[in-house]
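Take a look at the structure below.
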DNA sequence: TGCCTTCGTTCCACCTAGCGGAACGCCGTT
DNA sequence: AACGGCGTTCCGCTAGGTGGAACGAAGGCA
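Protein chains in written order, with this note's numbering: chain A, 6 to 257; chain B, 6 to 257.
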C-alpha cells in the first residue's frame, strides 16, 4: 500500500480530482499528511483541497480521528452515467437470464483503451474462486472477455504489443501465441480464459452492426465443477445470449 | 428537462464539479451553450472547464456533433468507494439469497440525510411495476425501507416535518399518521410500502449494535402476485435475512 | 441567393484566488 | 521537559482563472 509520490499536473482542478481519486481508492480513511505525501503536495494545499471537497460533499472528516474519506456522493454521481450506458442497460436482463441458466458467474465487459472494464457482474450462489470488482480494469489480453473483443478489433496487434511491454517481466505475454488464439476465437465465436489456475471461463463478443465488438459477456466457474458436457452447455447458452443481445442492441 | 439556471458557488472547483454533475445527470450529450446556460456560466468559462474535464478524462466531446458527455471514468472512481462500503459488501450475499427465496425484487437502502439511498438491488426475473435506480434517492418517509430505518432513528419526527414541507402540496404528507405507523413498525419489526398503487413492499431494518438502524432491506412485488400466504412468507424470509445480516455486520 | 442568428472557439487585460513557506497549538512518545 | 509529528491557520506573491469581446463556421429563414 505504500506508494511513491505521484506527479500531478499543477492547478487546483487536477489536484482536486487527484485527491478525490486517492480518497476513493483508499480502503480506509486517510490522514491529511498521507494524502499530501502521496501526491507530493504541501500540507496547506492538501488541506485547502480537502476542505473544498468537504464543502462540496464529496469528502468527510472523522471527528475523532481527523481522517478523511470519500463519501457516497461520488458513487451517486457515477451511478448516473452508468445507468445511461446503453450496453449496460440492454445487458442486465440477459446477464440475469444467463446466470440462472448456467448457475455460474457471468460478467459484462467493454473495452477501455487496452483494458477491459467490468461493467456488471452476477456472481454464482455456489462457491467461487476469484472475483473481479465491478468498475475495475484488467489488461484485455489476460481475460476471456478481452480476447473476445480483441478478436474483432482492428488494432488488436497493437494492443498485444503495448500490453506485453506494460506487463514486462512479471508475466511474459506470448504475443505470437495470442495472435494465433485470437484467430481461433474469431472463427469459433468464443474465447477461453487460461491464465487463472483452477478457473475455466468462456466469453463471446456482442457483435452489433459494424465489424467491431461493442462488449463481451463471460461465464466463469471453478474448473472442477464443469465437465465436458457442462462446457458445451455453457458455451451454447453464452452464444445464444450474445446473439440475442446483439440483435437487441442493434435495434436501438 | 428544461431547468432554470442553478446558482453555483464561484471558483473553478465548485464549477467544475457542477459541470461534471450536469453532464453525468444528462441522459444525452450536451451542447456547450446548454451547459453554460444551465449553470449560468459564461461560454468561455464553460468551455475552459470542459476542456479541463476532457484533459482529465472525465468528459469527452463527440467529434461530429461537438456535444459533451461524461465518460465512464467517473463511474470507475465511484465504484471504488461503494465496494469499500462495509454494509454493501456484507449484504450482497444475503440479498441474492433473499431474492432467490422470494423470487421478487429486493433492495438495500441506507439513510442519507432525509432520503434513502439505493445501494443495491436485485430485480425479479418476473415482470415488475416500478424500478428505482441504484444510486438514486427517495425521501425516506415515502418508502418502506425509509420507514424501517426511521422507526429506529432518534430524529424521525424532524425528518417527517422536513419532508412534509419539502414535498409541499404536490403530495401531502400525513405526519401524524406516519408517526403512528413508525410506532407500529418498531413493534412488529417491518414496514410496508403504501404509496405506489399496485405494488406491495415490505422492509426491515438491519439492527447492528446500538439503537439506530444501519440500513434496511426491502422486498417489493406487484400486488396481484402476492396473496396472504405469500405476504407471510416474504416477511418471514425478510426478517430472518435481516437478523442474520445484522449479526454478520455486528461481528465486523 | 444572401442575410442573420447561433454555435463553438480563441484572445486578452484585469485581478481574484490559489500557492507554498512559515508559524502555531495540540497531542503522543522518548 | 524537550521532542517530533500532527492538523490547522496566516500571509505576501503571482500564477492562473475570469468574463467580455471578437472571430469563423454552420445552419435557418425570407
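Every residue gets a Cβ at the ideal spot worked out from N, C-alpha and C, and that includes glycine.
- For residue 116 of chain B, the secondary structure class from DSSP, reduced to helix, strand or coil, is strand.
- Residue 211 of chain B has a beta carbon lying at 9 Å or more from every beta carbon in chain A.
- Membership of residue 210 of chain B in the beta strand (DSSP E) is indicated by the continuous run 204-212.
- The bridge partners DSSP lists for residue 121 of chain B are B:116 and B:143.
- Nearest neighbour of residue 140 of chain A by Cα position, chosen from B:249, B:85, B:216 and B:39, turns out to be B:85.
- A direct Cα-to-Cα measurement between residue 172 of chain A and residue 80 of chain A gives close to 30 Å.
- Under DSSP, residue 57 of chain B shares a beta bridge with no residue.
- Counted as a single uninterrupted DSSP element, the alpha helix (DSSP H) harbouring residue 18 of chain A occupies residues 17-30.
- Residue 135 of chain B sits exposed, since fewer than 16 C-beta atoms from the chains shown fall within 10 Å of its C-beta.
- Scanning A:225, A:55, A:221 and A:77 for the CA closest to the CA of residue 254 of chain A turns up A:221.
- Close to residue 18 of chain A, with beta-carbon spacing below 7 Å, are these residues of chain B in chain order: 17, 18, 21 and 57.
- Within its own chain, the residues whose Cβ lies closer than 8 Å to the Cβ of residue 110 of chain B, once the five positions on either side in sequence are excluded, are 104, 126, 127, 128, 129, 133, 136, 224, 225 and 226, listed in chain order.
- Here residue 203 of chain B is not near residue 233 of chain B, since their CB atoms are 9 Å or more apart.
- For residue 89 of chain B, the neighbours in chain A by C-beta distance under 7 Å run, in chain order, 32.
- As summarised for the segment 150-207 of chain A, the continuous alpha helix (DSSP H) elements at least 4 residues long and confined to that stretch are 161-172 and 180-193, given in chain order.
- Here residue 37 of chain A has 48, 51, 52, 55 and 73 as same chain residues with Cβ atoms under 7 Å from its own Cβ, once five neighbours each way along the sequence are excluded.
- When the beta-carbon positions are compared, residue 108 of chain A and residue 149 of chain A stay at least 9 Å from each other.
- In this structure, DSSP gives residue 104 of chain A a helical state, which the three-state scheme calls helix.
- Contacts between residue 103 of chain B and chain A, judged by CB atoms closer than 8 Å, are missing: the closest CB pair is about 12 Å apart.
- Of the residues B:57, B:195 and B:162, the one whose Cα lies closest to the Cα of residue 182 of chain B is B:162.
- In this structure residue 11 of chain A touches residue 44 of chain A by the C-beta definition: roughly 6 Å separates them, less than 8 Å.
- Taking 9 Å as the Cβ-Cβ cut-off, the segment 224-254 of chain A has no residue approaching chain B.
- Residue 83 of chain B reaches chain A at 29, 79, 80, 81, 82, 83, 84 and 140, counting residues in chain order whose Cβ is nearer than 8 Å.
- The beta carbon of residue 195 of chain B lies closer than 7 Å to those of 153, 207, 208, 209, 240, 243 and 244 in the same chain, with the five residues before and after it left out.
- Distance from the Cα of residue 249 of chain A is smallest, within the candidate group A:143, A:191, A:156 and A:98, for A:98.
- Under the three-state reduction of DSSP, residue 240 of chain B is assigned to helix.
- Think of a sphere of 7 Å around the beta carbon of residue 178 of chain A: no beta carbon from chain B falls inside it, the nearest being about 24 Å out.
- Shortest Cα-Cα distance from residue 16 of chain B to any of A:219, A:41, A:176 and A:60 involves A:60.
- In its own chain, leaving out the 5 sequence neighbours on each side, no residue places its CB closer than 8 Å to the CB of residue 175 of chain A.
- Cβ neighbours of residue 231 of chain B within its own chain (closer than 6 Å, five residues either side excluded): 205.
- Rounded to the nearest whole angstrom, the C-alpha separation of residue 238 of chain B and residue 87 of chain A is 34 Å.
- Between residue 120 of chain A and residue 145 of chain A, the beta carbon gap of about 6 Å places them in contact (Cβ cut-off 8 Å).
- Excluding sequence positions up to five before and after residue 39 of chain B, its CB lies less than 6 Å from no other CB in the same chain.
- When C-beta distances to chain B are compared with 8 Å, the residues of the segment 63-79 of chain A below that value are 63, 75, 76, 77 and 79, in chain order.
- For a cut-off of 8 Å, the C-beta gap from residue 77 of chain A to residue 117 of chain B is around 7 Å, short enough to register as a contact.
- If you look at residue 222 of chain A, you'll find it in the beta strand (DSSP E) that goes 218-227.
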